[in-house]
Amino acid sequence: MVKVKICGITNLDDAIAAVEAGADFLGFIFYKNSPRYIDPQKAKDIIQKMPQSVKKVAVFVNEKKEAVEDILKELKGIDYVQLHGDEPPQYCNNLKGAKVIKAVRVKNRDSIASLEGYGVDLFLLDAHRKDLYGGTGETFDWDLAKEAKIYNVPIILSGGLNPANVEDAIKKAEPYAVDAASGVESSPGRKDKDLIKSFIEKVKIGGAR
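Last residue of the sequence shown? That's 208 in numbering that gives the first Met the number 0, and every number before it is there in order.
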């Protein structure tokens, strides 16, 4: 079964809605330029109320390694760090405190080739848009996602996924998991409970084929 990550959680109600709908991962963005940014202390309060079975992901963009590790120590309960910037393999491979998801913004085959050398736990493939790290609301060529499987690292598919297109995305990319942020929102940083539920239902249909 394809797993689901709901990213850009900014409040307790949205976290509860995602968990109740069946989300496997919750993403908390600690990148201040994101409209889905959440203060680490607020995230800590939410994380403490979530079941351990749901994996918590801390998202950073080009943050200093020491700062990331300090936040991980402070928060506790973070299972994965998602590095969504231009972090090199040496940075990602030596990060301490959680498992690592390396995100790459996919523009073409060269983007997939850039994954070589990363010894991380998961790859997240997102749409490429100049000067924007995540939250683009745009898709990319899902066939390229299958090419990333040569690295034998499970793939999280991201980028403009919503209830209307996620079944097709799963069929083409065959990912380990799918990630939604803007595609399940009523406005940036505010999730729509019905869209989350619909998205996860569609994933279960597409992922069961």
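The beta carbon of each residue, even a glycine, is placed where N, CA and C say it ideally should be.
Cα-Cα separation between Leu156 and Val119, rounded to whole angstroms: Taking the sequence shown and counting its residues from 1, the one referred to as residue 156 is at position 157. Taking the sequence shown and counting its residues from 1, the one referred to as residue 119 is at position 120. Taking the straight line from one Cα to the other gives about 16 Å.
What separation, rounded to the nearest whole angstrom, lies between the Cα atoms of Gly26 and Lys4? By 1-based counting over the sequence shown, the position of residue 26 is 27. By 1-based counting over the sequence shown, the position of residue 4 is 5. The alpha-carbon atoms of Gly26 and Lys4 are separated by roughly 7 Å.
Tyr90 - DSSP class collapsed to helix/strand/coil: The residue labelled residue 90 in the question sits at position 91 within the sequence shown. DSSP, read as helix, strand or coil, puts Tyr90 in helix.
Where are the beta strand (DSSP E) runs, 3 residues long or more, that stay fully inside the stretch 3–45, in chain order? 24–28
Would you call Arg108 buried or exposed, if buried means 16 or more other Cβ atoms sit within 10 Å of its Cβ? The sequence position of residue 108 within the sequence shown is 109, counting from 1. Under this definition Arg108 is an exposed residue.
If you check the beta carbons only, do Ile28 and Leu74 fall under 8 Å apart? Position 29 of the sequence shown holds residue 28. Position 75 of the sequence shown holds residue 74. Not a contact, by the Cβ cut-off of 8 Å.
For Met49, count the other beta carbons within 10 Å of its own beta carbon; 16 or more makes it buried, fewer makes it exposed. Which is it? Here residue 49 refers to the residue found at position 50 when the sequence shown is read from its first residue. So Met49 ends up on the buried side.
Could you tell me which residues DSSP pairs with Phe122 in its beta bridges? Along the sequence shown, read from residue 1 onward, the residue named residue 122 stands at position 123. DSSP output for Phe122 lists Lys101 and Ile154 as bridge partner(s).
Tell me which residues share the same chain as Ser113 and place their Cβ nearer than 7 Å to its Cβ, disregarding the 5 neighbours each side in the sequence. Within the sequence shown, residue 113 is the residue found at index 114, counting from 1. Within the same chain, Ser113 has close Cβ partners Val103.
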